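Residue numbers (mature numbering (1 follows the signal peptide of the UniProt record, and there is no 0)): -32 to -1, 1 to 145.
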């Protein structure tokens, strides 16, 4: 009989710990690095029209409701970044590679220049990458070949030079290049 009592008490304790975790998560006590990473990404842009005005580091700022940001409903990790057509100037930050849960990045139709950062290859879950209609230059980084989930790679209307890496053919799910 004591065994069943101890088992029930142990299960109740596990449920209580889980509920406390959920409460902490809902109040933002369990923090993610993604908010800080987004602020690093913002630093590399010149936001001439102040369209990213809500991207702030104030304690009450919830990065999951920032313009262009979509988060997973359970983990609160950033899964999509859509900053298309916002007249953003500057470069794509290497910090983009720190958003490990990204599924989609859409930066098309801005005024971004510089090279595509190698770190983009660290976004291993990425399925869609649209950097078209910018002023990006340099080579297509070989690191993109590490993105085995990638289905859409859209780089048209940039100033990219060099050969398309042959290793892109090793991306099994790639549908559009």
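Just so you know, even glycine gets a beta-carbon here, dropped at the ideal spot from N, CA and C. Bear in mind that the values here come from a model prediction, so they are computed numbers and not experimental data.
Cut-off 8 Å between Cβ atoms - residues of its own chain near residue 226, not counting five sequence neighbours on either side:
No statement about residue 226 is possible, as the shown extent of the chain runs from -32 to 145 and does not include it.
Under 8 Å, with one C-beta from each stretch per pair, do the stretch 76 to 95 and the stretch 103 to 116 reach the 3-pair mark?
At 8 Å Cβ cutoff, the stretches touch.
contact_flag[the stretch 89 to 96, the stretch 8 to 28] where n(CB pairs < 8 Å) is 3 or more:
Too few Cβ pairs lie closer than 8 Å, so no.
Please report the Cβ distance between residue 16 and residue 57, rounded to the nearest whole angstrom; I am assuming they are in contact, meaning their Cβ atoms lie under 8 Å.
Against the chain shown, residue 16 aligns to sequence position 48. Against the chain shown, residue 57 aligns to sequence position 89. That pair is a contact at about 6 Å.
Reducing DSSP to helix, strand and coil, say where residue 37 ends up.
Along the chain shown, one-based indexing puts residue 37 at 69. DSSP places residue 37 in strand when its eight states are reduced to three.
Secondary structure at residue 47, three-state DSSP: helix, strand or coil?
Taking the first residue of the chain shown as 1, we reach residue 47 at position 79. Three-state result, residue 47: strand.
When you compare only the Cα positions, how much space is there between residue 52 and residue 136?
Taking the chain shown and counting its residues from 1, one reaches residue 52 at position 84. Taking the chain shown and counting its residues from 1, one reaches residue 136 at position 168. Whole-angstrom Cα-Cα distance: 24 Å.
Extent of the continuous beta strand (DSSP E) to which residue 103 belongs
Taking the chain shown and counting its residues from 1, one reaches residue 103 at position 135. Per DSSP, residue 103 belongs to the beta strand (DSSP E) from 103 to 106.
Option nearest residue 71 by Cα separation, candidates 61, 8 and 118
Sequence index remark: in the chain shown, residue 71 carries index 103 (1-based). With distances taken between Cα atoms, residue 71 lies closest to 118.
Just curious, the alpha helix (DSSP H) that residue 6 is in, first and last residue?
Taking the chain shown and counting its residues from 1, the one referred to as residue 6 is at position 38. Membership of residue 6 in the alpha helix (DSSP H) is indicated by the continuous run 2 to 11.
Rounding to the nearest angstrom, what Cα-Cα distance links residue 60 and residue 140 in this structure?
The sequence position of residue 60 within the chain shown is 92, counting from 1. The sequence position of residue 140 within the chain shown is 172, counting from 1. Distance between the alpha carbons of residue 60 and residue 140: 26 Å.
So for residue 31, helix, strand or coil by DSSP?
The residue given as residue 31 occupies position 63 in the chain shown. It is helical.
Measuring straight from C-alpha to C-alpha, what distance separates residue 131 and residue 143?
On the chain shown, residue 131 is found 163 positions in, with the first residue counted as 1. On the chain shown, residue 143 is found 175 positions in, with the first residue counted as 1. About 19 Å.
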